[in-house]
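Reviewing the structure listed below.
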Amino acid sequence: MEYDFRSIEKHWQEVWSQKKSYQVKEAKDKPKFYALDMFPYPSGAGLHVGHPLGYIASDVISRYKRHCGFNVLHPMGFDSFGLPAEQYAIATGQHPAITTETNISRYRNQMKQIGFSFDWSREVMTSDPTYYRWTQWIFGKLFESWYDVESGGAQPLQTLIDAFEKNGNYAIEAACDEGWWKNLDLELFPHFGKHFEGDFTATDWKSMSPKAKNAVLMQFRLAYLADSEVNWCPELGTVLANDEVKDGLSERGGHPVERKRMRQWMMRITAYSDRLVDGLDDLNWTESIKEAQKNWVGRSEGASVSFQGSGQASGCTVDVFTTRPDTLYGVSFVVLAPEHKLVNAFTSDEKLGEVNQYVLTASKKSERERQGEKSISGVELGGHVVHPLTGNNIPVYISDYVLAGYGTGAIMAVPSGDERDWKFAKYFKIDIPSIFQGHDSDAAVSSDEKAVLQNSEELNGLRKLEAIPKALNLLESTGCGERKINYRLRDAVFSRQRYWGEPFPICYENDIPRLIENETVTLPAVDEYLPTAGGEPPLARARREDWPVFQGDRMETNTMPGWAGSSWYFLRYMDPHNETEFCAREKSDYWGQVDLYVGGAEHTTGHLLYSRFWTKFLFDLDKISFDEPFKTMINQGMILGRSSFVYRVQGTSTFVTYEQREAHKTQRLHVDVSLVENDKLNIAGFKSWRAEFEHAEFITCPDGTYTCGHEVEKMSKSKYNVQTPDELVEKYGADTLRCYEMFLGPLTQSKPWDTQGISGVHNFLRKFSKLVVGSENCEASKPELKIVHKTIEKVTSDLERHAFNTVVSALMIAVNDLNNLKSVKSHVGLRPLVTLLSPYAPHLAEELWKVVGGMGLVIDSAWPKAEKSHLVEDEVSYPVSFNGKVRFKLTLPASTNKVEVESIVLADERTLQQLNGKEIKKVIVVPGRIVNIVS
RNA sequence: GCCCGGAUGGUGGAAUUGGUAGACACGUCAGACUUAAAAUCUGAUGGCCGUAAGGCCGUGCGGGUUCAAUUCCCGCUCCGGGUACCA
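My numbering puts the first residue of the first sequence at 90, with every later residue one more than the last.
Structural data, given as structure tokens:
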């Protein structure tokens, strides 16, 4: 029989679909298993070969678990809000919902071809109002909640209001910004004096106006409005990601970009900092991802230290955070971020121009550019602060390398102990106090953690660990500082000035935001998907009557970010059609945490942190019974594309072949990989590819061919290196594609995509098919059973440790070994092998299951067990090595013990030959493994 | 810059707990079949020296620990990912 994969795959996909084989329901009699995939964004380029990689892996596990008797939830859906659809809408005027729908159906069809065991009846998409009404509902809950530090969880806002009514804010500790009262507009609080420091009584509270109460509550809500710094591009009328800013200009269009403070919705994720770190302990994630999340939260213990301004700046206090209070005596200057509120106060008149210039320049750099900056820059402000312990006057600077958003936006510089501070001091010729014994601070920075302090008064003679507590006590007793825990984590900006995202269920009445409950605020129609002339978000184009729901004086016109919908989708899959709840409690209790999440490591600090945050929040509200979403996670590597390039001679439409490009001034352009075979360009195809190349001329190789350059890089539409799975499915079948993607290498490693090896895998399936079809209804032979059971053991243990690639090799070896047996193979002997194949090549396995006389469908067959009796090896081949180098092999009965092995080896004439008279110093025998003779 | 990964033949990779480096595939070469080609099958295939037996070298680079290191430790190089509004 020929391996007719086309009809086999079509047939079995129809059978599964008719029998609804992959639809699941809660079943109390079976253990559950929840396998989840990364939520795909349906881009216009369609699914590329990198997408299915993770999906195939999770499908293999899902099918394996099903064979093992688990009730498996394996859903798929779409993260369908996003920028590309919006940009396409801006360019063409087409509503993003239309583009999105087209893209989704393409994705869905592509996935269906591959034969995934997804329960499609559970499909969700974030841009569907029946989905995003619940995203809005969760937002509403966050808006109506505060974080009680004492009980360590979120609480309904009403409990906070009740507390304020009773005792003001005296008996309660709510998560908030440090110095939250400084965010308030004092005009709203006429009876609070200048020295208000955040304490108010019940009477104070009751006397506040509604606006004032709103302003206070806003400081404690988990979803709240606040000013935050963004990359504002006036020309485009929009905020840009750091990604979209290059050298202070927008990537798109090259317009100037500046840092600007804007009123934005924020998420108080910082309230969960400690829980986000502690929760990692129980997760089965790679250490590197856990480490990255810990670093992202960035909990550090240290001290806050106050430096009083002197001279013109007296009355001002610069607060800094330091993890090294022990080095306090080494402080010789203070650096403020260019955006720091006190910059003006410390700037002397003669420095004003220079400072303003510097602040302006800095405002044009993105945060990342500033952190990546290698050259040292800054300005001495002219003002001074007083060293809290020595009383010395020390200068104040501003510099790029201090970020406004981290800590207090100011640092105390210890040039002898910090690399950046040291370089800065050298550059500006600032004094470098030598505080480490035996170290020349003028020559280099000290990085010795165990260095002994000197010139530090009461800290002299101590090392870091002993000095820190003493320094902290000193600070606290003199009142110029205190112990403090600082976090790198910042609250997350939750507003986007975009059209294609979830609208907020928020309207404003007298400028006070009010939650719209019990109604879904759907997106209004707009005439264009661009910001308004005044720089308002696109939704501001909607007139009152355009809004399906309009309440209050005006609607919120920002939309939610991409991560809103993807922070809880795994919950919706459990109960996707529920119209009264985001997910019924009995469903989430049944399915519980995701048992296996397969996703890319590129989500480490975004999606994975936000999902954990929302899960913990829903847990606090007792809406679900677990507070971590993903129990086990595998991070798939990226499949990279192989890009091809042509070289255009600058200013001409002549293209020079790769070999001769050095002789010209050329510009390298990406060329569609479908126009290139073995690095040779299809010249005719290239000319008709794009109008601008129609009259292209070529400087070719002597044989008239044009060689392209190549590079391995990320697969993306803009690089014209996208490979879709479609043509491979067409040419080799889904089963081959599935096996090949797994065979390519370890799932977690990134690797370039290359179809060269695919024929080998296709060949394997053909040989497998031929082997089974050629088997007979007879008894299994002993060697046959041995091969099969060895394979069962290998495949099972590889699957358990998620080594997907070696499973394919193991099956290949089994087929090769069985073919080498020459004797007749039996149905009953091969039957377990067909089940082993089924997670990888389910269509072919179904077909072969019939051949070997299996009952029902192979997908429902029980996973075979390796019988120990078939696995017994009676011989062991010992490599015998001399000083670590293997010289010969010796086959011995497996029962030979250590002493016997040693004496047999020593008696072997080859041993004597190797030794050549040398004396044996030591003999190492590892039973069943190796013999090593040291001479 | 900072944080996190990775590097093994011509190529993708294997070696699970420190124990035979290169399994399994691709590619290449040779052979069989064929008038020929394709397909298929068989064999060889890390490098160097050697007719062979065999020897030396070899897991990004430089050191170290060990009877034994792709595996553990120290110091580098290069590549990839993330870096808070790409998803």
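Note that beta-carbon positions come from the ideal geometry of N, C-alpha and C, so glycine has one too.
For residue i, the three-state DSSP class (helix, strand or coil)
i	result
TYR686	strand
SER395	strand
ALA631	coil
ALA499	strand
PRO345	strand
GLY471	strand
TYR821	helix
THR224	helix
THR1000	helix
VAL1020	strand
ILE521	coil
ASN320	strand
LEU492	coil
TRP511	helix
GLY654	helix
ARG357	coil
C-alpha gap between residue i and residue j, whole angstroms
i	j	result
ASP268	GLY287	Here residue 268 turns out to be Gly, not Asp, going by the sequence shown. Computed Cα separation, rounded: 7 Å.
ASN810	PRO613	37 Å
ILE987	GLY1017	The residue asked about is misnamed: residue 987 is Lys in this sequence, not Ile. Roughly 9 Å between the two C-alpha positions.
LYS119	LEU231	36 Å
PRO504	PHE410	16 Å
TYR597	TYR699	27 Å
SER958	VAL923	21 Å
ASP148	HIS163	8 Å
VAL735	GLU786	12 Å
ILE112	ASP761	According to the sequence provided, residue 112 is Gln. The question's Ile does not apply to it. Cα-Cα distance, rounded: 40 Å.
ARG1100	ASP711	The structure shown does not extend to residue 1100, since the chain spans only 90 to 1024, so no value can be given for it.
GLN586	PRO414	42 Å
ILE524	PHE517	20 Å
GLY695	TYR259	36 Å
ALA869	SER915	5 Å
ASP507	VAL534	7 Å
ALA673	PHE659	13 Å
GLN682	ALA116	16 Å
ILE788	SER732	21 Å
Residue i vs residue j beta-carbon contact at 7 Å
i	j	result
PHE422	ILE483	yes
ILE881	PRO931	no
ILE500	VAL424	yes
MET127	GLY143	yes
ILE358	ASP580	yes
GLU608	TYR221	no
CYS157	TRP938	no
TYR486	GLY467	yes
TYR196	SER362	no
ILE728	TRP589	no
LEU979	VAL969	yes
ASP824	LEU854	yes
Integer-rounded CB distance, given that residue j should sit under 8 Å from residue i
i	j	result
LEU874	GLY918	6 Å
THR146	VAL687	The residue asked about is misnamed: residue 146 is Ala in this sequence, not Thr. Right, the Cβ-Cβ distance comes to about 5 Å (below 8 Å), so this counts as a contact.
LYS121	ASN160	5 Å
GLY171	VAL213	Between VAL213 and GLY171 the Cβ distance is about 15 Å, and since that is not below 8 Å, they are no contact.
LEU136	GLN199	4 Å
PHE593	MET663	Going by Cβ atoms, the distance from PHE593 to MET663 rounds to 26 Å, so no, they are not a contact pair.
GLY204	GLU98	7 Å
Residue ranges of each beta strand (DSSP E) within the stretch 665-731, 3 or longer: If you keep only unbroken beta strand (DSSP E) runs of at least 3 residues inside the stretch 665-731, you get 685-689 and 722-725.
Whole runs of the alpha helix (DSSP H) within the stretch 248-301, excluding any shorter than 4 residues: Taking only runs of at least 4 residues, the alpha helix (DSSP H) segments lying wholly in the stretch 248-301 are 291-296.
Complete runs of the beta strand (DSSP E) confined to the stretch 891-949 [at least 3 residues]: As summarised for the stretch 891-949, there are no continuous beta strand (DSSP E) elements at least 3 residues long confined to that stretch.
Residue ranges of each beta strand (DSSP E) within the stretch 566-597, 3 or longer: The beta strand (DSSP E) runs lying completely inside the stretch 566-597 and spanning 3 residues or more are 570-575, given in chain order.
Uninterrupted beta strand (DSSP E) stretches inside the stretch 145-195 (no shorter than 3 residues): Annotation: the stretch 145-195 contains the following complete segments of the beta strand (DSSP E) (minimum length 3 residues), in chain order: 160-162.
Entirely enclosed alpha helix (DSSP H) segments - the stretch 360-448, minimum 4 residues: Segments of the alpha helix (DSSP H) lying fully in the stretch 360-448: 362-367, 376-386 and 432-435.
Minimum length 4: unbroken alpha helix (DSSP H) runs contained in the stretch 815-864: If we require 4 residues or more, the alpha helix (DSSP H) runs fully inside the stretch 815-864 come out as 815-821, 823-832 and 847-862.
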